[in-house]
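Numbering (full-length UniProt numbering), first residue to last: 1 to 139. Every residue gets a Cβ at the ideal spot worked out from N, C-alpha and C, and that includes glycine.
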(Lines of atoms letter the chains of each structure in order from A and count residues from 1; the text may use other names and numbers.)
(Lines give C-alpha, C1' and ligand atoms only; values in the text may rest on other atoms or scores of the structure.)
Protein backbone atom coordinates (compact mmCIF):
# COMPACT_ATOMS: atom_id res chain seq x y z
CA UNK A 1 0.00 0.00 0.00
CA UNK A 2 1.10 3.56 -0.63
CA UNK A 3 1.51 6.03 2.23
CA UNK A 4 -1.66 7.83 1.10
CA UNK A 5 -3.66 4.57 1.06
CA UNK A 6 -2.46 3.71 4.57
CA UNK A 7 -3.30 7.21 5.78
CA UNK A 8 -6.79 6.97 4.23
CA UNK A 9 -7.30 3.64 6.01
CA UNK A 10 -6.27 5.19 9.32
CA UNK A 11 -8.72 8.08 8.78
CA UNK A 12 -11.48 5.54 8.02
CA UNK A 13 -10.67 3.58 11.18
CA UNK A 14 -10.84 6.69 13.35
CA UNK A 15 -14.13 7.77 11.78
CA UNK A 16 -15.77 4.61 13.19
CA UNK A 17 -15.48 5.97 16.74
CA UNK A 18 -18.12 8.30 18.15
CA UNK A 19 -16.04 10.08 20.75
CA UNK A 20 -12.48 10.79 21.72
CA UNK A 21 -12.43 8.40 24.67
CA UNK A 22 -12.90 5.55 22.20
CA UNK A 23 -10.23 7.00 19.94
CA UNK A 24 -7.77 7.29 22.84
CA UNK A 25 -8.44 3.64 23.72
CA UNK A 26 -7.81 2.69 20.09
CA UNK A 27 -4.54 4.66 20.05
CA UNK A 28 -3.45 2.88 23.24
CA UNK A 29 -4.32 -0.50 21.67
CA UNK A 30 -2.24 0.39 18.60
CA UNK A 31 0.67 1.16 20.92
CA UNK A 32 0.31 -2.18 22.67
CA UNK A 33 0.47 -3.91 19.27
CA UNK A 34 3.62 -2.03 18.19
CA UNK A 35 6.48 -4.48 17.68
CA UNK A 36 9.14 -3.88 20.30
CA UNK A 37 12.22 -1.95 19.30
CA UNK A 38 15.47 -3.79 19.96
CA UNK A 39 16.90 -2.62 23.31
CA UNK A 40 20.18 -1.66 21.63
CA UNK A 41 18.33 1.17 19.83
CA UNK A 42 16.98 2.74 23.03
CA UNK A 43 19.79 5.27 23.05
CA UNK A 44 20.07 9.05 23.31
CA UNK A 45 20.72 9.18 19.55
CA UNK A 46 17.31 7.68 18.85
CA UNK A 47 15.28 9.75 21.31
CA UNK A 48 12.87 12.22 19.75
CA UNK A 49 13.72 15.70 21.00
CA UNK A 50 10.71 17.79 21.96
CA UNK A 51 8.61 14.98 23.39
CA UNK A 52 7.32 15.08 26.94
CA UNK A 53 7.71 11.30 27.14
CA UNK A 54 10.65 9.26 26.00
CA UNK A 55 10.17 8.12 22.41
CA UNK A 56 12.79 6.15 20.54
CA UNK A 57 12.71 5.78 16.76
CA UNK A 58 15.17 3.69 14.80
CA UNK A 59 15.42 3.49 11.03
CA UNK A 60 17.14 0.99 8.78
CA UNK A 61 17.33 0.95 5.04
CA UNK A 62 16.10 -2.27 3.48
CA UNK A 63 16.90 -2.10 -0.23
CA UNK A 64 15.11 1.06 -1.40
CA UNK A 65 12.77 1.33 1.60
CA UNK A 66 13.11 2.52 5.18
CA UNK A 67 11.93 0.31 8.02
CA UNK A 68 11.13 2.12 11.26
CA UNK A 69 10.87 0.66 14.74
CA UNK A 70 9.89 2.63 17.81
CA UNK A 71 8.92 2.56 21.46
CA UNK A 72 7.84 4.96 24.18
CA UNK A 73 7.63 4.94 27.95
CA UNK A 74 4.08 6.37 27.82
CA UNK A 75 1.12 4.34 26.53
CA UNK A 76 -0.61 7.13 24.60
CA UNK A 77 2.63 8.32 23.02
CA UNK A 78 3.46 4.74 22.04
CA UNK A 79 0.13 4.62 20.20
CA UNK A 80 0.84 7.89 18.42
CA UNK A 81 4.24 6.71 17.18
CA UNK A 82 2.61 3.38 16.17
CA UNK A 83 0.29 5.31 13.84
CA UNK A 84 3.23 7.13 12.27
CA UNK A 85 5.27 3.93 11.93
CA UNK A 86 2.32 2.26 10.23
CA UNK A 87 2.06 5.11 7.72
CA UNK A 88 5.75 5.54 6.92
CA UNK A 89 7.60 2.27 7.58
CA UNK A 90 8.47 0.04 4.62
CA UNK A 91 8.12 2.94 2.21
CA UNK A 92 10.52 4.39 -0.33
CA UNK A 93 12.65 7.34 0.76
CA UNK A 94 11.21 9.67 -1.91
CA UNK A 95 7.65 8.73 -0.94
CA UNK A 96 8.33 9.53 2.73
CA UNK A 97 9.86 12.88 1.81
CA UNK A 98 6.95 13.78 -0.48
CA UNK A 99 4.18 12.51 1.80
CA UNK A 100 1.90 14.96 3.49
CA UNK A 101 0.66 14.44 7.02
CA UNK A 102 -2.84 15.86 6.58
CA UNK A 103 -4.29 12.62 7.92
CA UNK A 104 -3.19 13.69 11.42
CA UNK A 105 -5.46 16.73 11.16
CA UNK A 106 -8.21 14.69 9.50
CA UNK A 107 -8.44 12.34 12.49
CA UNK A 108 -8.25 15.36 14.81
CA UNK A 109 -5.27 14.03 16.67
CA UNK A 110 -3.31 17.24 17.17
CA UNK A 111 -6.29 19.19 18.51
CA UNK A 112 -7.11 16.47 21.07
CA UNK A 113 -3.62 16.30 22.53
CA UNK A 114 -2.09 18.48 25.20
CA UNK A 115 0.18 21.19 23.74
CA UNK A 116 3.30 19.28 24.82
CA UNK A 117 2.05 16.03 23.24
CA UNK A 118 1.09 17.91 20.05
CA UNK A 119 4.63 19.34 19.92
CA UNK A 120 5.96 15.84 20.42
CA UNK A 121 3.84 14.59 17.52
CA UNK A 122 5.32 17.27 15.27
CA UNK A 123 8.81 16.26 16.45
CA UNK A 124 8.09 12.60 15.64
CA UNK A 125 7.02 13.47 12.09
CA UNK A 126 10.10 15.70 11.67
CA UNK A 127 12.40 12.91 12.84
CA UNK A 128 10.88 10.39 10.41
CA UNK A 129 11.39 12.89 7.58
CA UNK A 130 14.96 13.56 8.79
CA UNK A 131 15.77 9.85 8.62
CA UNK A 132 14.44 9.81 5.05
CA UNK A 133 16.55 12.87 4.19
CA UNK A 134 19.64 11.23 5.66
CA UNK A 135 19.11 8.03 3.66
CA UNK A 136 18.36 10.09 0.57
CA UNK A 137 21.68 11.92 0.96
CA UNK A 138 23.54 8.59 1.25
CA UNK A 139 22.22 7.31 -2.07
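Closest option to residue 7, judged by alpha-carbon separation, among 104, 58, 51: 104. DSSP lists 58 as the bridge partner or partners of residue 69.
Around the beta carbon of residue 130, fewer than 16 other beta carbons sit within 10 angstroms, so the residue counts as exposed.
For residue 39, there are no CB contacts under 6 Å within the same chain when 5 residues up- and downstream are skipped. Between the alpha carbons of residue 123 and residue 48 lies a distance of about 7 Å. Listed in chain order, the alpha helix (DSSP H) runs fully inside the UniProt domain "Fe-S metabolism associated" (11-130) are 20-33, 75-88, 93-98, 102-106, counting runs of at least 4 residues. DSSP, reduced to helix, strand and coil, places residue 2 outside both helices and strands of the structure shown, so it counts as coil.
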